[in-house]
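Here is the structure we will look at.
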């Protein structure tokens, strides 16, 4: 059911939105790109069809890049057992960036970036070195939905991605502003 919703409902909507703004996009079902391992039960709780991306087939993505097409990938993956699993999109994005040997990974969401105080945009942390992550987790700055984003950013950087950015997709041109201005508009994560 999850794959059906993500690949056949949400993915086409995202592709259409990109195309409405003049971009070229192609929807890609996650199992075409991702392989995964099923999460092992923890504390005797089986999460069902939840997996973690273990391998990325970059060829469909490289083909899109060669043709200047934005690939829109559903965060689902094919397990070793031939079944389809739901995967964390942040982890999938980080693994994809590493597999593509990307220099930069940008996470776009509906928050300005990593905030020192939740729901207070003026507390935006503009620059974050990965050595500061454990302390920020300990004091609760990195919490809830930011945990997998920051963990994925750290994993990507430790695997060769030079820089990861968190930007607010509701801000017009946020990616350009983050990358091409000194102040930026989000959080940059570096080694």
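Residue numbers (the numbering used here): 62 to 252.
For every residue, glycine included, the Cβ atom is placed at its ideal position computed from N, Cα and C.
With respect to the 8 Å criterion, residue 100 and residue 112 are classified as neighbours on the basis of their beta carbons.
Of all alpha-carbon atoms in 252, 158, 175, 78, the one lying nearest the alpha-carbon of residue 187 is that of 175.
In the DSSP assignment, residue 123 falls within the alpha helix (DSSP H) that extends over 120–127. Across the set 194, 145, 172, 192, the C-alpha of 172 shows the shortest separation from the C-alpha of residue 184. Comparing alpha carbon positions, the residue from 252, 157, 147, 116 closest to residue 123 is 157. Within the same chain, 110 come within 7 Å of residue 144 by CB-CB distance, once the 5 residues on both sides are set aside. The segment 207–223 makes contact with the segment 150–169; the number of CB pairs closer than 8 Å reaches 3 or more. Counting other Cβ atoms within 10 Å of its Cβ, residue 138 reaches 16 or more and is therefore classed as buried. Rounded to whole angstroms, the separation of the alpha carbons of residue 190 and residue 89 is 33 Å. In the structure shown, residue 209 adopts helical secondary structure according to DSSP, grouped into three states. Residue pairing by DSSP places residue 189 opposite 250 in a beta bridge.
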